[in-house]
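Residue numbers (this note's numbering): 1402 to 1753.
Read the structure below first, then the notes.
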């Protein structure tokens, strides 16, 4: 019970860290503190006159913006607290005989690597490949924590459905409701294609999240302001090689991006096309899942999240990337990922 409670808190806390990271990045505060782990040589943001004077001596080429620096430091503080929670999870798993052991170790290693990526994000001046890796690391941490939570919980979702089915059969209940339960149980238990479709959907969603991270880290979110794809003769101006090169040369800073318009436009278009493909595939999966009584709730949740995420994406374009909606778009991606991880867990645990 203690482990379950701690995992729930940590999952929510991880989502908070992801949202705070998105808020910091979208507020252009990623370099609010030019050093790591402190801020202008201090453990906190310099606010007093003597602290500011010392900071200006250490970093004469930087203008101190306390509001941005506080955003960056708050993100670091809560990320550090998350690290402590993950360490407590590992300790509890080691003390609990039936708890998984390898997965919590992997989570601890991942969060250590995440801390390193956080440092490199600052020291490498927001290099896009590092920023994208840091974002993906946060989503990966969230997914692994949910997987650990599911592995520590009983498989009641299937046991309950099986009990209902057996009760209906034992009572001689042959009505339409009992028939639907029997059919859905057979569909889930014997279909070889549904788990594969769910896995494909998860992989496509991960690819789309990576595209979104690449779009954000290259400041390409506003490269196209028309719907449904982009304005102008965009097909003749694609620059795929430049757009997706992980190495973008030497620059004093990558803040606000270093790619030209055509490369950013290409990234943005790829993200939009990926969104269409991803949304279509997820809706197909939700349609197929709806025929499974056990996972009907997850299918409806998946439909709602897809609609919400598409709406947020369109709003970002139409309203020119308002901060609240842009952060919510990151949160929507995280919730979609959690839903797909849960769906795959249940289907593959049940698949023959």
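We put the beta carbon where it would ideally sit given N, CA and C, even for glycine.
When you compare the CB positions of residue i and residue j, do they come within less than 8 Å of one another, or not?
i	j	result
residue 1472	residue 1428	yes
residue 1638	residue 1666	yes
residue 1470	residue 1440	yes
residue 1686	residue 1548	no
residue 1717	residue 1726	yes
residue 1443	residue 1430	no
residue 1531	residue 1518	yes
residue 1526	residue 1656	yes
residue 1529	residue 1649	yes
residue 1615	residue 1523	no
residue 1551	residue 1504	no
residue 1596	residue 1749	yes
So residue i and residue j are in contact, right, with Cβ under 8 Å, and what is the actual spacing, rounded?
i	j	result
residue 1491	residue 1514	Contact doesn't hold; Cβ gap of about 15 Å is too wide.
residue 1435	residue 1463	5 Å
residue 1699	residue 1735	At roughly 16 Å, the Cβ-Cβ gap does not stay under 8 Å, so residue 1699 and residue 1735 are not in contact.
residue 1724	residue 1703	With 8 Å as the limit, residue 1724 and residue 1703 do not qualify as a contact, their Cβ atoms being about 27 Å apart.
residue 1643	residue 1664	4 Å
residue 1489	residue 1407	6 Å
residue 1419	residue 1539	5 Å
residue 1484	residue 1508	With a Cβ gap of about 11 Å, residue 1484 and residue 1508 do not count as contacting.
residue 1696	residue 1747	6 Å
residue 1405	residue 1553	6 Å
residue 1602	residue 1738	Their Cβ separation, rounded to whole angstroms, is 11 Å, which puts residue 1602 and residue 1738 out of contact at 8 Å.
residue 1619	residue 1668	6 Å
residue 1432	residue 1654	7 Å
residue 1403	residue 1493	6 Å
If we cut at 8 Å on Cβ distances, does residue i have a partner in chain C?
i	result
residue 1451	In the structure shown, chain C does not exist; there is a single protein chain.
Across which residues does DSSP place residue i in a beta bridge pair?
i	result
residue 1440	1443
Check whether the region 1600-1612 and the region 1670-1690 are in contact - that is, three or more C-beta pairs closer than 8 Å. Counting Cβ pairs under 8 Å, three or more are found: they touch.
What runs of the alpha helix (DSSP H), each 4 residues or longer, lie entirely inside the region 1662-1737? Qualifying alpha helix (DSSP H) stretches, in chain order: 1662-1691 and 1697-1719.
Three or more C-beta pairs closer than 8 Å, one from the region 1497-1504 and one from the region 1408-1416: is that the case here? Touching, no.
Would the region 1713-1733 and the region 1527-1535 be scored as touching if the rule is three or more Cβ pairs under 8 Å? No, they do not touch.
Within 8 Å, do at least three Cβ pairs link the region 1616-1631 to the region 1657-1674? The region 1657-1674 makes contact with the region 1616-1631, as at least three CB pairs between them are under 8 Å.
Completely contained beta strand (DSSP E) runs for the region 1600-1626, where each covers 3 or more residues: Those beta strand (DSSP E) runs which fall completely within the region 1600-1626 and span 3+ residues do not exist here.
Segments of 4+ residues assigned as alpha helix (DSSP H) that fall wholly inside the region 1632-1656: As far as the region 1632-1656 is concerned, its whole alpha helix (DSSP H) runs of at least 4 residues are 1641-1644.
Taking only runs of the alpha helix (DSSP H) that begin and end inside the region 1455-1533, which ones reach a length of at least 4 residues, in chain order? Complete alpha helix (DSSP H) runs here, min 4: 1467-1496 and 1503-1524.
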